[in-house]
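Here is the structure we will look at.
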Amino acid sequence: LERLNKCLKSATGLLTCAPVVWENGCEQAFSTFRTACVHLRREPEALDTIQDKVNAWKFVCKACRARPFLHDRGNEVIRILMKSDLWMQAFQETGMQVDDLPPDVQQPFKQRAEEAIPEYPVGGDPDAAAGKAGGEPGPPTGSSGPVDFARPSNMAVVVQRCTKAKILLEERADWWDEIGQGLVVFVSFSKGAKAEAVRDAVHFLLTAKLATRDRWAPGAKAPRRAPGPSAAESLVALCGEGEAQGVLVLPQESLVSEVAKDNTGLEYSHVAPAKVAHELYKAFTAALRTQSAELIGNSAKAKQLKVVSATFDGRQYYEMSTSGPCTHSFHF
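Residues in the sequence shown are numbered consecutively from 1260, following this note's numbering.
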C-alpha cells in the first residue's frame, strides 16, 4: 500500500508537468502504478484507502491515450479498480465519460457503472468507439495529433539501432548525409494508410525505448553492454539529456509484401499507390522533425534530434555500423 501511494504521487504529479516531462516519465510511472495495483488486486479494502482516486483515474486514462501499446495493461488496471464502488464513484467525480476509456473495457465498465452508480450518465457507444480506428479521439498532452487506442495496421516500420549511418542522396554530386548514434528506420505504406497512423507511429518511435547511449566499438576498453531492452532509452529522453541522436529514414516498399498463392513468389497487391505513399512518407519525415522538437524542448542541455531522409524514388544506397544489432518491427 505504501508503494502504491508513493508511485501514485509521482504519477499524478506528471499531469501538471510540461509535455516533455510527461513524455519522459509516463511509461515508467504507469508501469510502477500497474505493478502496485496488481499486487493489491485481492485486497480491495487496501485499494479503497487510496486518497487521490480522481487524479489516479485521470492519469490512467491519459497514459492509455498517449501510449496505445499500453492498451492491454491499461485494461488490466481499470478492471481491478472498477471492482470497487469507491473507485467507480471517483471516476464520476473526474467528469470523464466511458468513451474516455480504452474501447475494449468500455462495455464492462458501463455495466459496472450502472450497478455501482445508477444515476451516473455513462453515455457513449462502446461498440462504435471500438471501431473508429480512423476517428477523432482527443490528442494527449504533448502530442502533435490524435492517437487512437487501436493502432491502424496500414503502415509497416522496421527500426534498427546504429552507431553511425549515411545515405547517398545525389549520386552525380557524390552528396551524402549521415547520422551518428541513433536509429535507421525503414517504412512502407499499404492501401488505407492515413495521416493519423503516421502521427501515431512518429510519437511512438520518439518516445518508446528503442535507442541507446552505448558507444561500444571493437577494441574499446570499456566493457560491451548487452544490446537488450535493459540498455534501451527513448530518443526524446536521450536528446533531452544532451546525448546526440539521429534518425535515418528510408522508404522500403517490400515491407508490405505477401507470399504469392503458389508459395514461391511475392506479391505487392496491398502497397499504397505511389503518389499516396510519397505524401505519407513526406508527412512521416516532417512529423519526426516537428514532434521531436516539441518533445525535446529547448533547454540549454538538450540536443535536437537529427533527421536524415532518403529520397522517395530511385535506388537507395546507404552504409550503417552497429554494435548491437538490435532490430524491431511494428505495424501501425
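Beta carbons: idealized from backbone N, C-alpha and C, even for Gly.
Computed from a predicted structure; not experimentally measured.
Contact set for residue i: own chain, Cβ-Cβ below 6 angstroms, skip 5 residues either direction
{"i": "R1332", "result": "R1293"}
{"i": "A1415", "result": "S1447, L1514, V1515, H1590"}
{"i": "F1445", "result": "V1417, L1509, Q1511"}
{"i": "W1434", "result": "L1428"}
{"i": "D1521", "result": "none"}
{"i": "T1291", "result": "C1266"}
{"i": "G1284", "result": "L1273"}
{"i": "G1394", "result": "In this prediction, G1394 scores a pLDDT of 39, lower than 50, which makes its location untrustworthy; the coordinate-derived value is nonetheless stated afterwards. So no residue of the chain qualifies."}
{"i": "K1560", "result": "G1501"}
Residue i, DSSP secondary structure in three states
{"i": "A1490", "result": "helix"}
{"i": "G1441", "result": "strand"}
{"i": "H1298", "result": "helix"}
{"i": "H1587", "result": "strand"}
{"i": "G1284", "result": "helix"}
{"i": "C1323", "result": "helix"}
{"i": "S1580", "result": "strand"}
{"i": "F1571", "result": "coil"}
{"i": "P1532", "result": "coil"}
{"i": "R1420", "result": "strand"}
{"i": "L1564", "result": "coil"}
{"i": "D1436", "result": "strand"}
{"i": "E1500", "result": "coil"}
{"i": "I1309", "result": "coil"}
{"i": "P1362", "result": "helix"}
{"i": "I1376", "result": "coil"}
{"i": "G1333", "result": "helix"}
{"i": "M1355", "result": "coil"}
{"i": "E1206", "result": "Absent from the model: residue 1206. The displayed extent of the chain is 1260 to 1591, so no value can be given."}
{"i": "S1447", "result": "strand"}
{"i": "K1425", "result": "strand"}
{"i": "L1525", "result": "strand"}
{"i": "G1505", "result": "strand"}
{"i": "A1456", "result": "helix"}
{"i": "L1263", "result": "helix"}
{"i": "E1430", "result": "coil"}
{"i": "M1414", "result": "strand"}
{"i": "A1546", "result": "helix"}
{"i": "K1268", "result": "helix"}
{"i": "A1470", "result": "strand"}
Spatial neighbours of residue i in its chain, beta-carbon cut-off 7 angstroms, leaving aside the 5 residues before and after
{"i": "V1518", "result": "L1525"}
{"i": "K1342", "result": "P1303"}
{"i": "A1552", "result": "Q1563"}
{"i": "D1627", "result": "The chain is shown only over 1260 to 1591; residue 1627 falls outside these bounds and no answer can be derived."}
Proximity winner among the options, relative to residue i (alpha-carbon distances)
{"i": "A1375", "options": "C1285, F1350, G1354, P1510", "result": "F1350"}
{"i": "A1270", "options": "D1459, A1277, A1315, N1557", "result": "A1315"}
{"i": "F1463", "options": "E1261, E1286, C1266", "result": "E1286"}
{"i": "G1451", "options": "L1299, S1528, T1586", "result": "S1528"}
{"i": "P1303", "options": "T1549, I1438, V1336", "result": "V1336"}
{"i": "K1317", "options": "K1562, T1353, R1458", "result": "T1353"}
{"i": "V1567", "options": "K1453, A1545, L1267, A1456", "result": "A1545"}
{"i": "S1580", "options": "E1455, A1424, T1549", "result": "A1424"}
{"i": "M1347", "options": "L1494, I1426, K1369", "result": "K1369"}
{"i": "S1588", "options": "I1309, Q1419, L1263", "result": "Q1419"}
{"i": "I1426", "options": "K1265, Q1575, L1267", "result": "Q1575"}
{"i": "K1321", "options": "N1334, P1532, Q1310", "result": "N1334"}
{"i": "T1570", "options": "Q1504, F1543, K1562, S1582", "result": "F1543"}
{"i": "F1289", "options": "A1325, Q1310, D1307, P1362", "result": "A1325"}
{"i": "G1439", "options": "T1523, L1273, S1582, T1275", "result": "S1582"}
{"i": "E1261", "options": "L1345, W1281, T1275, A1295", "result": "A1295"}
{"i": "E1502", "options": "D1459, V1297, K1562, V1461", "result": "K1562"}
{"i": "C1266", "options": "V1319, P1278, E1282", "result": "V1319"}
{"i": "A1536", "options": "N1413, T1523, T1422", "result": "N1413"}
{"i": "Y1577", "options": "E1430, L1497, Q1310", "result": "E1430"}
{"i": "A1467", "options": "E1282, A1277, E1455", "result": "E1282"}
{"i": "T1308", "options": "C1276, N1264, E1437", "result": "N1264"}
{"i": "A1533", "options": "T1549, G1573, G1556", "result": "G1573"}
{"i": "D1248", "options": "K1312, T1523, Q1550, V1530", "result": "Because the chain is modelled from 1260 through 1591, residue 1248 falls outside the range shown and cannot be assessed."}
{"i": "K1312", "options": "A1531, K1268, P1278, T1586", "result": "K1268"}
Rounded Cβ spacing between residue i and residue j (contact assumed at less than 8 angstroms)
{"i": "I1339", "j": "R1300", "result": "5 angstroms"}
{"i": "A1470", "j": "S1493", "result": "7 angstroms"}
{"i": "L1564", "j": "Q1504", "result": "6 angstroms"}
{"i": "L1554", "j": "V1495", "result": "5 angstroms"}
{"i": "V1457", "j": "L1539", "result": "6 angstroms"}
{"i": "L1345", "j": "V1461", "result": "With 8 angstroms as the limit, L1345 and V1461 do not qualify as a contact, their Cβ atoms being about 39 angstroms apart."}
{"i": "V1280", "j": "L1273", "result": "7 angstroms"}
{"i": "C1323", "j": "P1361", "result": "5 angstroms"}
Cut-off 8 angstroms between Cβ atoms - residues of its own chain near residue i, not counting five sequence neighbours on either side
{"i": "S1558", "result": "G1499"}
{"i": "K1541", "result": "F1571"}
{"i": "C1276", "result": "G1284"}
Chain B within 8 angstroms of residue i, Cβ atoms only
{"i": "R1458", "result": "As a matter of chain content, chain B is missing from the structure shown, which is built from one protein chain."}
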